[in-house]
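Numbering (my numbering), first residue to last: 505 to 763. Using N, Cα and C, we set each Cβ at its ideal position, and we do this for glycine too.
Pasting the structure below:
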């Protein structure tokens, strides 16, 4: 990533660095370390929490970066806490350059922040790559919902602040998101319209998931104009945030077991 002379290019570089940082912050709420797979098409990240409840699948296209080169596929085991500390401390300025690089057999990730009158370098030691990878089969959902991201954020802001779990219920093309706290019960209902809300329901769905995972999706929802929520009686809850030419973030969340 780099910041050029024009304001528009500078703003694009800043926005993409901010998007990159926000996504990594969301993953930090799930795991302490992550594996980045680098290829000619971009960066791919998959992480699963220790309870095997949440799987995150992230892709950053090569267009995320002003300049990108990957001569051969490499895998980087990144300690997220240290990586985020560096990213949060960097502010792109005019005529500045932010560069990530590593060797063909990487032992460390080098981060350079180069300014006209100063330069900062960080070498983050990589951890040993494991062999585990995750493959998500093609899933059939009973309910597919598309809503504006601002409306999705109401789930965390207005509905999900009173309990550990939140309930998603859909029937007759009406989605109800509700929570029953110790002292309060609340809900938000959505119906489809031609412009902003799309609901395709082929069977009734009623399930609960942990609110903390909805809050994680909420963090990255600002990167897109809409959020997709897919629900099924025998599938994980699937959240998708498409960030255009930059890539996508997908979350698969196991619902709470029904009694």
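request  = Specify the secondary structure class of residue 516 as computed by DSSP and reduced to three states.
outcome  = helix
N-terminal and C-terminal residue of the alpha helix (DSSP H) that residue 588 is part of = 584–593
query = Taking contact to mean at least 3 C-beta pairs separated by less than 8 Å, is the stretch 570–580 in contact with the stretch 537–551?
reply = yes
request  = List the endpoints of the continuous beta strand (DSSP E) containing residue 543.
outcome  = 537–543
message = Using only the alpha-carbon positions, how far apart do residue 562 and residue 550 sit?
response = 6 Å
Beta-ladder partner(s) of residue 666, from DSSP = For residue 666, which the question treats as bridged, DSSP gives no partner whatsoever.
Residues bridged to residue 596 [DSSP beta-bridge criterion] = Paired residue(s): none; residue 596 is not in a bridge.
query = How would you call residue 632, buried or exposed, if buried means at least 16 neighbouring beta carbons within 10 angstroms?
reply = exposed
ask   = Span of the beta strand (DSSP E) holding residue 626?
value = 622–629
key: Inter-residue spacing [alpha-carbon to alpha-carbon] between residue 548 and residue 601   = 23 Å
message = Helix, strand or coil, according to DSSP, for residue 724 in the structure here?
response = helix
key: Spatially closest choice to residue 741 from 534, 557, 589 and 568, by CA coordinates   = 557
task = Could you say which of 698, 609 and 718 lies nearest to residue 662 if we only look at CA atoms?
result = 718
ask   = What residues in its chain sit with their C-beta under 8 Å from that of residue 728, if we drop five residues either side in the sequence?
value = 653, 745, 746, 747 and 748
request  = Return the residue from the list 671, 681 and 647 that minimises the CA-CA distance to residue 655.
outcome  = 681
ask   = To the nearest angstrom, how far is it from the Cα of residue 722 to the Cα of residue 671?
value = 16 Å
key: residue 533 versus residue 584: straight-line alpha-carbon distance, rounded   = 10 Å
Cβ-based neighbour list, residue 626, same chain, cut-off 6 Å, excluding 5 preceding and 5 following = 590 and 615
ask   = For residue 696, which residues from the same chain have a beta carbon less than 7 Å from its beta carbon, with the 5 sequence-adjacent residues on both sides left out?
value = 677, 702 and 703
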